[in-house]
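Residue numbers (this note's numbering): 2 to 297.
Virtual Cβ for every residue (Gly too), placed ideally from N, Cα, C.
As the structure is a computational prediction, the values presented were derived from the model and not from experiment.
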Amino acid sequence: DLEEPLVLRPTSETMIATVLRDYIQSYRDLPVLTNQWNNVFRWELRTRFFLRTRELLWQEGHTFHETAAEAEEEVAKMLDCYRRIAEEWCAIPVLTGRKSDSEKFAGAQYSTAIEGMMMDGKALQMGTSHYFGENFTRAYELTYTGRTNERQYPHSTSWGMSTRMVGAVVMAHGDDFGLQLPPRIAPVQVVIIPIFRGDAERSQIETALQQVRADLEDIRVKVDWRDERPGFKFNEWELKGVPLRIEIGPRDLAKGEATVVRRVNRAKQTIPLGELGVAIPALLEEVQEALLRRAR
Numbered sequence: 002d003l004e005e006p007l008v009l010r011p012t013s014e015t016m017i018a019t020v021l022r023d024y025i026q027s028y029r030d031l032p033v034l035t036n037q038w039n040n041v042f043r044w045e046l047r048t049r050f051f052l053r054t055r056e057l058l059w060q061e062g063h064t065f066h067e068t069a070a071e072a073e074e075e076v077a078k079m080l081d082c083y084r085r086i087a088e089e090w091c092a093i094p095v096l097t098g099r100k101s102d103s104e105k106f107a108g109a110q111y112s113t114a115i116e117g118m119m120m121d122g123k124a125l126q127m128g129t130s131h132y133f134g135e136n137f138t139r140a141y142e143l144t145y146t147g148r149t150n151e152r153q154y155p156h157s158t159s160w161g162m163s164t165r166m167v168g169a170v171v172m173a174h175g176d177d178f179g180l181q182l183p184p185r186i187a188p189v190q191v192v193i194i195p196i197f198r199g200d201a202e203r204s205q206i207e208t209a210l211q212q213v214r215a216d217l218e219d220i221r222v223k224v225d226w227r228d229e230r231p232g233f234k235f236n237e238w239e240l241k242g243v244p245l246r247i248e249i250g251p252r253d254l255a256k257g258e259a260t261v262v263r264r265v266n267r268a269k270q271t272i273p274l275g276e277l278g279v280a281i282p283a284l285l286e287e288v289q290e291a292l293l294r295r296a297r
């Protein structure tokens, strides 16, 4: 036996309710919102990367309110927040609604969720928001002095979204060429592939790219100077899902243009170097919208 007992938590309602007993004493202390990013554990018999894992990272929030109406408003607000994350950032259309009593969170009066349809035709739950009423606060004797000077139980909620969203992005947008990342969440939005032979051509391209990088200062850009063949780099960055690729070589410089390739449909177009600062942000928005349309 351990000198100090350790518990693997599936979620944090019991811990939060226990801790907040010392902080919530009066109706003046309400509402309370706590948010944390942590790891939790689930006893999954059949694991799948990102979708069902025995240890997962997630964001979870817990709120405590004076009235049921205020708590239920929070439940709806957070569900809509998760919907916006899925649709506006991850480009995954979702359905929102209340789960059946047999599927609701244990201890909840009701649970709501966002669910997206993946390319394989399966629905994936990507975020949940629960209304507990007084269930957890009663169980853990969390009370406060109300407006009538009587001890009352706050109404509580919890909501969470996990690394399952990573799996959702892979399943919703991936294709035979690899990952596809929506521009708004892509760590690299644009990769620039210089194509050159010898130091002289490299120097010319480096000079031209100084202005290009300045024009794209608000964009997350990576220039790939590695000593690899262009085709190898094209395939690798497609596999990694970078939304846009800019190819630039001596011939492009002579014409004052660059070739831009969209990952979403692999379409190519030439754009004058001086117009990239305007064209690239617009193309990134087009790619974001195209991924959302295709996922519907």
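Taken atom to atom, the span from the alpha-carbon of residue 273 to that of residue 221 is near 20 angstroms. Excluding five sequence positions before and after residue 257, the CB atoms of its chain that fall closer than 8 angstroms to its own CB belong to 273, 274 and 275, given in chain order.
Going by DSSP, residue 125 is part of the beta strand (DSSP E) stretching over 124-134.
Annotation for residue 126: 114 and 116 place their beta carbon closer than 6 angstroms to its own, counting only its chain and skipping 5 residues before and after.
Taking C-beta atoms under 8 angstroms as the contact rule, residue 248 and residue 196 qualify, at a distance of about 6 angstroms. Check the Cα spacing between residue 198 and each of 250, 22 and 157: the tightest is with 250.
Residue 219 sits away from residue 278, with the two beta carbons spaced by 7 angstroms or more. Closest in C-alpha terms to residue 63, from the list 146, 38, 232 and 55, comes 38. Bounds of any beta strand (DSSP E) do not take in residue 171; it lies within the alpha helix (DSSP H) bounded by 165-174. In this chain, the alpha helix (DSSP H) harbouring residue 69 covers 69-85. Distance from the Cα of residue 158 is smallest, within the candidate group 285, 214 and 34, for 34.
Residue 121 and residue 295 have their C-alpha atoms spaced approximately 14 angstroms apart.
Judged by their CB atoms, residue 192 and residue 244 are not nearer to each other than the 7 angstroms cut-off.
Burial state of residue 49 is exposed, judged by a 10 Å Cβ sphere holding fewer than 16 other Cβ atoms.
Using a C-beta cut-off of 8 angstroms, the region 55-74 makes contact with the region 138-156, since at least three inter-stretch Cβ pairs fall below that distance. With a contact defined as Cβ atoms closer than 8 angstroms, residue 172 and residue 83 miss out at about 17 angstroms. Taking 7 angstroms as the cut-off, the Cβ atoms of residue 129 and residue 51 do not count as close.
In the displayed model, residue 206 falls within a helix according to three-state DSSP. For the pair residue 66 and residue 32, the Cα-to-Cα distance works out to about 5 angstroms. Selection 259, 209, 94 and 235 evaluated against residue 291 yields 94 as nearest (Cα-Cα). A distance below 8 angstroms between beta-carbons, with the five flanking residues on each side excluded, links residue 190 to the following residues of its chain, in chain order: 184, 220, 221, 222, 243, 244, 245 and 285. Per DSSP, the continuous beta strand (DSSP E) segment holding residue 270 begins and ends at 269-273. In this structure, residue 225 sits near residue 194, with a CB-CB distance shorter than 7 angstroms. Boundaries of the alpha helix (DSSP H) around residue 287: 277-296. Annotation: the continuous alpha helix (DSSP H) that includes residue 16 extends over 14-21. Annotated three-state conformation of residue 199 is helix, per DSSP. The alpha-carbon of residue 260 is positioned some 45 angstroms away from that of residue 55. Judged by their CB atoms, residue 41 and residue 11 are nearer to each other than the 7 angstroms cut-off. In the DSSP assignment, residue 223 forms a beta bridge with 192. In the DSSP assignment, residue 61 is bridged to 37 and 161. Annotation for residue 99: the continuous beta strand (DSSP E) segment containing it runs 95-99.
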